[in-house]
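Q:
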Amino acid sequence: MDEKLKKLVFELLLGTEKQYGFKIIFAGETGSRSYGLETENSDVDIKGFFLYSEDKYLSVLKLTSYLKLNHETKLNQNIDVDLELIDLRKYLRDRCKNVILDESTLWLQTKSVYIDLIPKELKILLQTSIQPPIFQIWSKISKYQQKFIKSKQSDDGLIIVKDVLNSIVQSYQVLYIKMKGGVQDILLKETTLTT
Numbered sequence: 012m013d014e015k016l017k018k019l020v021f022e023l024l025l026g027t028e029k030q031y032g033f034k035i036i037f038a039g040e041t042g043s044r045s046y047g048l049e050t051e052n053s054d055v056d057i058k059g060f061f062l063y064s065e066d067k068y069l070s071v072l073k074l075t076s077y078l079k080l081n082h083e084t085k086l087n088q089n090i091d092v093d094l095e096l097i098d099l100r101k102y103l104r105d106r107c108k109n110v111i112l113d114e115s116t117l118w119l120q121t122k123s124v125y126i127d128l129i130p131k132e133l134k135i136l137l138q139t140s141i142q143p144p145i146f147q148i149w150s151k152i153s154k155y156q157q158k159f160i161k162s163k164q165s166d167d168g169l170i171i172v173k174d175v176l177n178s179i180v181q182s183y184q185v186l187y188i189k190m191k192g193g194v195q196d197i198l199l200k201e202t203t204l205t206t
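Residues 12 to 206 in our numbering are what the sequence shown spells out, letter by letter.
#1: Quick check: the Cα distance between Asp91 and Ile57, rounded to an integer number of angstroms?
#2: Can you tell which of Asn89, Glu49 and Glu132 has its C-alpha closest to the C-alpha of Asn81?
#3: Where does Gly42 land, buried or exposed, given buried means 16+ other C-beta within 10 angstroms?
#4: Would the beta-carbon of Leu62 fall within 7 Å of that of Leu24?
#5: Looking at Phe37: is its Cβ nearer than 7 Å to the Cβ of Ile97?
#6: Which whole-angstrom value is the C-beta distance of Asp93 and Asp54, which I expect to be below 8 Å?
#7: Out of Leu137, Tyr31 and Ile129, which one is the CA nearest neighbour of Arg106?
#8: With respect to the alpha helix (DSSP H) encompassing Thr27, which residues constitute its N-terminal and C-terminal limits?
#9: Can you tell me which of the three DSSP states Asp196 falls into?
#10: Any beta-carbon of chain E closer than 7 Å to the one on Lys79?
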């Protein structure tokens, strides 16, 4: 990614912290750019977790627990930056309640990280306790498959390239998880290699 764009994204993260009054403890890039599959028009997908101060958690104010923003850059070409953040407490509470989780369970796996303030031990614990969202990934693959079928039946026959790429990426995610024996095995192998 271009250094100007990286700087702009980092400034956007800092501005978001200031505007909403929380601390981003993890922000990483997901989507086509994190896989090296971007086109010149690809957006930047940033996902992560945040925490409020202890005082805010103890107050009676209703706090935002989920934030989704879209920001358009003004560089050489206009590139959208999609920002999706979850309060880490909400994320952990939902995990304890066995709420079905989506791809947010994979956010900590990204190699393209902007902010990482999560202690290494906690991050490993979170990663190894995560069950892969295979059902959700398969669901998306099925959705893309239906789009392909409908596009063949329609007069224009157009297929959106982004949908094709997303389908391929998500298929590889499922295959990788299955071939390696699950997320826990993958992470244990990776952490033993890096320590």
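Note that CB positions come from ideal geometry on N, CA and C, so glycine has one too. Please read these numbers as outputs of a predicted model, since none were measured by experiment.
A: The structure says:
#1: In the sequence shown, the residue the question calls residue 91 occupies position 80. In the sequence shown, the residue the question calls residue 57 occupies position 46. Here the alpha carbon of Asp91 sits roughly 11 Å from the alpha carbon of Ile57.
#2: Along the sequence shown, read from residue 1 onward, the residue named residue 81 stands at position 70. Closest in alpha carbon position to Asn81, among Asn89, Glu49 and Glu132, is Asn89.
#3: Translated into positions along the sequence shown, residue 42 becomes position 31. Residue burial is scored here from C-beta neighbours: Gly42 has at least 16 other C-beta atoms within 10 angstroms and is therefore classed as buried.
#4: Mapped onto the sequence shown, residue 62 falls at position 51. Mapped onto the sequence shown, residue 24 falls at position 13. Against a cut-off of 7 Å, the Cβ pair of Leu24 and Leu62 comes out as no contact.
#5: If you number the sequence shown from 1, residue 37 lands on position 26. If you number the sequence shown from 1, residue 97 lands on position 86. Result no, Cβ atoms of Phe37 and Ile97 do not sit closer than 7 Å.
#6: Counting from one through the sequence shown, the residue named residue 93 turns up at place 82. Counting from one through the sequence shown, the residue named residue 54 turns up at place 43. Sure, about 6 Å apart at Cβ, within 8 Å.
#7: Taking the first residue of the sequence shown as 1, we reach residue 106 at position 95. Of Leu137, Tyr31 and Ile129, the residue nearest in Cα terms is Leu137.
#8: Stepping through the sequence shown from its first residue, residue 27 is reached at position 16. For Thr27, the enclosing alpha helix (DSSP H) begins and ends at Glu14 to Tyr31.
#9: As a working mapping, residue 196 is identified with position 185 in the sequence shown. Bear in mind that a pLDDT of 47 at Asp196, under 50, signals an unreliable position, so the number given afterwards is only what the model happens to contain. When secondary structure is reduced to three states using DSSP, Asp196 falls in the helix class.
#10: The structure shown has no chain E; it contains just one protein chain.
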